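Undergrad:
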Amino acid sequence: MVVQLLDNALRIEVEHGTKAAFPEGFAAFVRAHGLSRATAYRHRERVKREGRWQARSRAPRTRPNATAQPVHDRVIALRKELSPDNGADPIRAALLTEAT
């Protein structure tokens, strides 16, 4: 809720200036709403840069340890080929047999 209030105030600041959004000053606004100054200033810069505050994805941009796509595709194919009761052990055995 406080983030929403801060977002609205920061949009007003972008459009109309600091005095319109924070008549008593930004630091006073932060203190009055119990925000940490570091967080508030970080959000302020982000709103200035991006136009508004919104949550970002927390997913990693890359997955260096992810299973290679050909291996992933072969595992999916083996799941379909083997009976539904087979689990990881038969799939692993089939992959090792194919690798040799």
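Per full-length UniProt numbering, the sequence shown starts with residue 1, numbered consecutively.
Even for Gly, the Cβ is constructed at its ideal location relative to N, Cα and C.
Predicted model, so just to flag it, every value in this text is computed and none were measured.
For the structure I just gave you, are there three or more beta carbon pairs, one from the stretch 44-53 and one from the stretch 7-14, closer than 8 Å?
TA: Cβ pair count under 8 Å is three or more, so yes.
Undergrad: If you drop the 5 nearest sequence neighbours on each side, which residues of the same chain put their C-beta closer than 6 Å to that of residue 82?
TA: Position 82 of the sequence shown, counted from the start, is the residue given in the question as residue 82. Hits under 6 Å: 90.
Undergrad: Taking the alpha-carbon positions, what's the residue 86 to residue 79 distance?
TA: Position 86 of the sequence shown, counting from 1, holds the residue named residue 86. Position 79 of the sequence shown, counting from 1, holds the residue named residue 79. Each residue's Cα considered, the two are about 8 Å apart.
Undergrad: Within the continuous alpha helix (DSSP H) that includes residue 90, where are the two ends?
TA: Taking the first residue of the sequence shown as position 1, residue 90 is located at position 90. Residue 90 -> alpha helix (DSSP H) spans 88-99.
Undergrad: Using 7 Å as the threshold, is the C-beta distance between residue 33 and residue 2 below it?
TA: Against the sequence shown, residue 33 aligns to sequence position 33. Against the sequence shown, residue 2 aligns to sequence position 2. Yes, they are a contact pair.
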